[in-house]
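Trainee: Using our numbering, you'd call the opening residue of the sequence shown number 384 and step up by one each time.
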Amino acid sequence: MPNYQKPWAEPYKIKVVEPLKVTDQAYRTEKIKEAGYNTFLLRSEDVYIDLLTDSGTNAMSDYQWAGMMLGDEAYAGSKNYYHLEEKVQSCYGYKYLVPTHQGRGAEHLLSQCMIKPNQFVAGNMYFTTTRLHQELAGGIFVDVIIDEAHDPSVILPFKGNIDIQKYEDLIKREGPEKIAYITVGAPVNMAGGQPVSMANMKEVSEISKKHGIKVILDATRNMENAYMIQQREDGYKNKTVAEIHKEFCSYSDAATMSAKKDLLVNIGGFVACNDWDLFEELRNMVVIYEGLHTYGGLAGRDMEAMARGIEEAVMDENIKCRVEQVAYFGDKLHKAGIPVVLPIGGHAVFLDARRFYEHIPQIDFPAQVLAADLYEVSGVRAMERGIVSAGRNAKTGDHNFPKLELVRLTVPRRVYTQAHLDVAAYAVEELYEKRHEAKGLNLKYEPKYLRFFQAKFEKKD
Ligand code: F0G
């Protein structure tokens, strides 16, 4: 027997490939300048390894592609809707399903149905689109995540947990009737993909029930959360990801979902719930903004790919491969001395731009600079998750200054090999060696909502 640990490999092989374009640095210097130093404004064809997001960038399986041919494109009552409904009921456990074109479609409907003006919405750190929809519905977002989540170097197994004290204080201070609901994101994207424990979710559910407050799960990457529970929480080692996932969902009243992540598709989402009255409202609202309640802005074939994606996403070997590939990438960077958010999250490795570019103050957008520089030196595309993403205070109009100033290297599912991640890690290390040369940016153009998508910058002298 060889004297090293038995190797482990992806539970799939590659059938179709897509060529990558390699460009030189002079070309990329031009392109990132044209893009206003915003990686969202680059053309994908100018990117070598695209770690912008894991959203809609997944490789579908042959089983999903075969399902695409079975799309029932009827306006009403498509059989793919019923297949999806059956899978959501059996794997997530919710009774009622309303499909939407993607996650923010679901957030829009739910926020409009559940928030009255000036009500508070509690949540474990904000997510950009989620918070905006809550605010547009008149809600006031309150972050009730544990303090440690805002510190990139604290190592905790469940760094996405709700701070029960903060949540109870909010209920006491404002009164339960002033709280529209609590959103639990699991894992927490903006905190670095940090998971929430089952025990914490259970406690949140019990407290909420006692006060008559609804618990809404952002189930976008909940399979990753379930895998991390299996690996880290007492009592779950011998349970399947499918079982853990369903138990987690059972502590919530409803869920919004961006299927573009966990469900291994390129487009899709849904909102699901157990309460008939809420379902009726959602079903009524979806026809205004998305489409009929049996397609919600999607083609029948997209719903079929989602239904089949659920089957694949809950399989232990698939989710293990996904999370462990990200861990491999993160460990490599961490061991090389690069400041990253610890522990490594489920979907991405987050560079700590504050420590990477120590000499650039937050007001000069260090994470924005880092994402732009990484593209320039290597063609690897990442995403800013710092002051630009945090936007402005809805009331005062000032910048929000988040504690976390991060760059996210997000790993799409089943798309890149270990070799691609080695190349990306090398590029980050190269950049780190010349970190002292980096300069801040000035904000040149800023759209009103979700500014990180379209803002433009220029280099400081
Ligand atoms: N919730 C979470 C936790 C998300 O990460 C996202 C999207 C959404 C909701 C919204 O879903 O994009 O389908 O409308 N996150 C993407 C990302 C954009 O890159 O992290 P959507």
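Yeah, the Cβ is synthetic: ideal placement off N, Cα and C, and Gly gets one too.
I'd like the span of the beta strand (DSSP E) that includes R791, first residue to last.
Mentor: First-last of the beta strand (DSSP E) with R791: L789 to T793.
Trainee: State the DSSP-derived secondary structure class of E767, mapped to helix, strand or coil.
Mentor: Here E767 sits in strand by DSSP.
Trainee: Under the three-state reduction of DSSP, which class applies to R426: helix, strand or coil?
Mentor: Coil.
Trainee: For ligand 1, I want to know if F835 counts as a neighbour, meaning its beta carbon is within less than 7 Å of at least one of the ligand's heavy atoms.
Mentor: No, Cβ of F835 sits at least 7 Å from all heavy atoms of ligand 1.
Trainee: Whole angstroms are fine: how far does the CA of T483 sit from the CA of R796?
Mentor: Cα to Cα, the separation comes out at about 21 Å.
Trainee: Can you list the residues near ligand 1, meaning Cβ strictly closer than 6 Å to any non-hydrogen atom, in the order they appear in the chain?
Mentor: This selection yields T436, S438, Q485, G486, R487, F510, T512, T513, G568, N572, D601, T603, S641, K643 and G652.
Trainee: How would you label S536, buried or exposed, when you count the other beta carbons within 10 angstroms and need 16 or more for buried?
Mentor: Under this definition S536 is an exposed residue.
Trainee: Decide if N572 is buried, meaning its Cβ has at least 16 other Cβ atoms within 10 Å, or exposed.
Mentor: When all chains shown are included, N572 counts as buried.
Trainee: Going by beta-carbon coordinates alone, are A731 and D437 separated by less than 8 Å?
Mentor: Result yes, Cβ atoms of A731 and D437 sit closer than 8 Å.
Trainee: Would S494 count as contacting chain B if we go by Cβ distances under 8 Å?
Mentor: Structure shown: chain B not included; a single protein chain is present.
Trainee: Decide if D433 is buried, meaning its Cβ has at least 16 other Cβ atoms within 10 Å, or exposed.
Mentor: Under this definition D433 is a buried residue.
Trainee: What does a CB cutoff of less than 6 Å around I562 pick up in its chain, not counting 5 residues either side in sequence?
Mentor: Cβ within range, chain order: F503 and I596.
Trainee: Cα separation between N783 and I746?
Mentor: Roughly 10 Å separates the two Cα atoms.
Trainee: Here's the rule: buried if 16 or more other CB atoms are within 10 angstroms of the residue's CB, otherwise exposed. What is V654?
Mentor: Result: buried.
Trainee: How about the stretch 459-478 and the stretch 519-537: do they share at least three Cβ pairs that are nearer than 8 Å?
Mentor: No, they do not touch.
Trainee: Check whether the Cβ atoms of L725 and V811 lie closer than 8 Å to each other.
Mentor: Taking 8 Å as the Cβ cut-off, L725 and V811 do not qualify as a contacting pair.
Trainee: Starting from Y564, follow its DSSP beta bridges and name the residues at the other end.
Mentor: Y564 pairs with V504 and K597.
Trainee: With 16 other CB atoms within 10 Å as the buried threshold, where does D660 fall?
Mentor: It counts as exposed.
Trainee: Beta carbon of E518, beta carbon of A777: below 8 Å?
Mentor: Yes, these two residues count as a Cβ contact at 8 Å.
Trainee: Taking only three categories from DSSP, how would you classify G713?
Mentor: Note: G713 maps to helix in three-state DSSP.
Trainee: Mapping DSSP to helix, strand and coil, what is I721?
Mentor: In the structure shown, I721 sits in coil (DSSP, three-state: anything other than H, G, I, E or B).
Trainee: As an exercise, report each continuous alpha helix (DSSP H) stretch of at least 4 residues that is fully enclosed by the stretch 546-590, in chain order.
Mentor: The qualifying runs are 547-557.
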